[in-house]
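Below: the structure, in structure tokens.
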Amino acid sequence: MPKFILAKLARAFLTIMMVMTFAFIVLRLSGDPAQVLLGPDAPLDAVIAFRERWGLNDPIWKQYLAYLTQIMRLDFGVSMRSQTPAINLVLERVPATLALTIPALILKLGIGIPAGVYAALHRGSLADRGVIMLSIFGFTIPSFVLGLVLVLIFAVSLTWLPSGGQDTYWHAVLPIITLSIGGIGILARFSRSAMIEVLGQPYIRTAMSKGLPWRDVVWKHALPNAAVPIVTLVGFMVGALIAGAVVVESIFAWPGVGRLIVISVANRDLAVVQALLLVIAASMVIANLLVDVAYGLLDPRLRSKRAAH
Amino acid sequence: MSLAIAAPKPGIFTRLRLKVPFLIAVAIVWLLIIVFVAVFADVIRPYPISQMNLAHRLAPMGTPGYWLGTDELGRDVLSRLIQSIRVSLVIAFGATILSAVFGTALGFLAAQFRGWVEHVVVAMADFQAALPFMIMSLAVLAFFGSSMVLLVCLMGFYGWERYARIARGLAISASAQGYASAVVQLGAKPSRVYLRHILPNVASTLIVSMTLTFPEVILMESGLSFLGLGVQPPESSLGNMVGFGREYLTRAPWIMLAPSLVIVMTTLSISLLGDWLRDRLDPTIR
């Protein structure tokens, strides 16, 4: 395996450890974990058994090690609301969230990048200005405002679409649109500026002056180079597939991971919150790893630079 | 504003009009209004925010005395909006300044000591990148419960890694320039070099990146409050108003529309202004 991937793996592992340590510290700071995790009206013998099992009477470093081994076995404790293992609760919500976020990601990529590239190629045109204005609007409107306005228009006034729930495919339409609009704006703006920067480079002038057709200049020289910075942003979006729909799921009463986060935070169901933290951090870290590998594939210069690093 | 001070020449307003595009001027005026409202909230608020008038529940916009209507308890939406602007702005200001100070300090530390200090700062930035900010705040709020101070401190962590990265880079390149090493040669302590000499030179870039963070903090706080986990009643913030207004979306959409419009206009204005400033002051960051 190339050296740079190994280094990235070590870094990813370290990051996950930090997230777990964060959860450990915050949990210990917030009071007696036995009380907090089992709930205020847990029977005394359950609290004692819990303290025994998690070794809460041991010194803090021993507790920390015990906590880490516990987490390694994906044992986050039991949800105090539903009395099922927290990790199962989290994992069973993932498909519902992905059903929203994956189509939204496809829309973001499919509309945002072409719009940005088109705007860059026709810089200063009416279309360019339109793309800029729309993209600024797209990412300054908070998703809860956008979602509610869409509900007001399409569900309340026109009654074309349902306003919440998860019964038919039609129920997914408004959440997906709400999720994708901000991302389309950001991607369009970002790919526009990446493309403009690449088009100003000397190698584009060279390609043009040696008589390549414009189409080839764009497709073979400009786009692959502009792809490198765009991939970073797309990586963030891939990482946010699981955690990125918190607000939208709440607006549309969609039973996904985001809804679970809000409910467990409101109920202080800490076992579930902990499990969520780790699952989300792991998904972000994996996405970042994939981005780094994609960099290596897209840009040989980066590959050698990192290996030397 | 310092407009009135330097007006001996006739053309100051003409020159301003030529220099400042129309859209930017609108953004500046809007922001001035918002700041004015936030500062003088107590004076211009027509009613106390929790004063109920059960006879006038869910009065629509334009009702005499309640120009923006009333909510489900007959409280004046305009008064609540004014108070919310103040709360949201205080949080956003406090948090932006906290994160700028914190991030810049870490960036300078990394630039001064390099080695393991730098590694620690980078690892912290990795941690921040691995956990979406909203999730981290939700977790902290779950463990500690919500309070105003906690909320400002939490938001104060938003975007610190951006300042740290910029401050570190700029400080390293500044120490390679003559002026910083000259002061070091004269025997100045590192704290003096950084605070009195490097900081003023990199301040404009940092201020421009504050215009990036500020609207994001507003959006983050209003998102949390919208979910019912940020600012708690009886206090009210813009996101919190939208969250409660959502219950009456069909019967009384004005409860939710007025704060939404303020949020969008404000973040839009700061973004436009920040973009414009960035183009004029600092072409190096995009």
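If you read the sequences in order, they're chains A and B. Sequential numbering from 1 applies to the first sequence in full-length UniProt numbering. Sequential numbering from 1 applies to the second sequence in full-length UniProt numbering. All C-beta atoms, glycine included, are put in the ideal place defined by N, C-alpha and C. Quick caveat: nothing in here was measured; it's all calculated off a predicted structure.
Given a cut-off of 8 Å on the beta-carbon distance, is the pair residue i and residue j in contact?
i, j, result
"residue 24 of chain B", "residue 273 of chain B", "yes"
"residue 26 of chain B", "residue 235 of chain B", "no"
"residue 163 of chain B", "residue 84 of chain B", "no"
"residue 178 of chain A", "residue 150 of chain A", "yes"
"residue 275 of chain A", "residue 90 of chain A", "yes"
"residue 234 of chain A", "residue 192 of chain A", "no"
"residue 278 of chain A", "residue 93 of chain A", "no"
"residue 95 of chain B", "residue 179 of chain B", "no"
"residue 146 of chain B", "residue 229 of chain B", "yes"
"residue 254 of chain B", "residue 21 of chain B", "no"
"residue 300 of chain B", "residue 78 of chain B", "Any answer about residue 300 of chain B is impossible in this case: the structure gives chain B only from 1 up to 286."
"residue 102 of chain B", "residue 156 of chain B", "yes"
Give the secondary structure of residue i by DSSP, where H, G and I count as helix, E and B as strand, and everything else as coil.
i, result
"residue 234 of chain A", "helix"
"residue 168 of chain A", "coil"
"residue 85 of chain A", "strand"
"residue 126 of chain B", "helix"
"residue 231 of chain B", "coil"
"residue 101 of chain A", "helix"
"residue 69 of chain A", "helix"
"residue 295 of chain A", "helix"
"residue 213 of chain B", "helix"
"residue 140 of chain A", "helix"
"residue 250 of chain B", "coil"
"residue 78 of chain A", "strand"
"residue 159 of chain A", "coil"
"residue 203 of chain A", "helix"
"residue 4 of chain B", "In this predicted model, residue 4 of chain B has a pLDDT of only 49, less than 50, meaning its place in the structure is not dependable; the value taken from the coordinates is given anyway. If DSSP states are grouped into helix, strand and coil, residue 4 of chain B belongs with coil."
"residue 163 of chain B", "helix"
"residue 64 of chain A", "helix"
"residue 66 of chain B", "strand"
"residue 146 of chain B", "coil"
"residue 281 of chain A", "helix"
"residue 51 of chain A", "helix"
"residue 189 of chain B", "coil"
Could you pull the start and end residues of the alpha helix (DSSP H) that residue i belongs to?
i, result
"residue 243 of chain B", "238-245"
"residue 210 of chain A", "Segment: none, residue 210 of chain A is in no alpha helix (DSSP H) and carries neither H nor E."
"residue 259 of chain B", "254-281"
"residue 253 of chain A", "It is not in any alpha helix (DSSP H) - residue 253 of chain A carries neither H nor E in the DSSP assignment."
"residue 240 of chain A", "It is not in any alpha helix (DSSP H) - residue 240 of chain A carries neither H nor E in the DSSP assignment."
"residue 4 of chain A", "3-29"
"residue 94 of chain B", "77-113"
"residue 52 of chain B", "Premise fails: residue 52 of chain B is in no alpha helix (DSSP H) and is neither H nor E."
"residue 197 of chain A", "173-199"
"residue 119 of chain A", "113-121"
"residue 179 of chain B", "178-185"
"residue 30 of chain B", "22-39"
Could you tell me which of the options sits nearest to residue i, measuring between CA atoms?
i, options, result
"residue 109 of chain A", "A:22, A:186 and A:164", "A:186"
"residue 116 of chain A", "A:188, A:145, A:49 and A:90", "A:188"
"residue 134 of chain B", "B:265, B:252, B:227 and B:248", "B:227"
"residue 98 of chain A", "A:218, A:255 and A:296", "A:255"
"residue 266 of chain B", "B:37, B:19 and B:21", "B:37"
"residue 224 of chain B", "A:232, A:213, A:247 and A:211", "A:247"
"residue 184 of chain A", "A:206, A:137, A:28 and A:194", "A:137"
"residue 238 of chain B", "B:218, B:39, B:170 and B:249", "B:218"
"residue 113 of chain A", "A:190, A:211, A:25 and A:209", "A:190"
"residue 180 of chain A", "A:139, A:196 and A:220", "A:139"
>> Does the structure place the region 190-197 of chain B close enough to the region 245-265 of chain B that three or more beta carbon pairs sit under 8 Å?
In response: no
> So, do the region 236-247 of chain A and the region 280-291 of chain A have three or more beta carbon pairs nearer to each other than 8 Å?
Replying inline: yes
> Touching or not, the region 212-228 of chain A and the region 259-278 of chain A, by the rule of three or more beta carbon pairs under 8 Å?
Replying inline: no
>> Closer than 8 Å is the cut-off here; do at least three beta carbon pairs connect the region 62-72 of chain A with the region 13-29 of chain A?
In response: yes
>> Counting beta carbon pairs with one atom in the region 242-249 of chain B and one in the region 141-149 of chain A, are three or more of them shorter than 8 Å?
In response: yes
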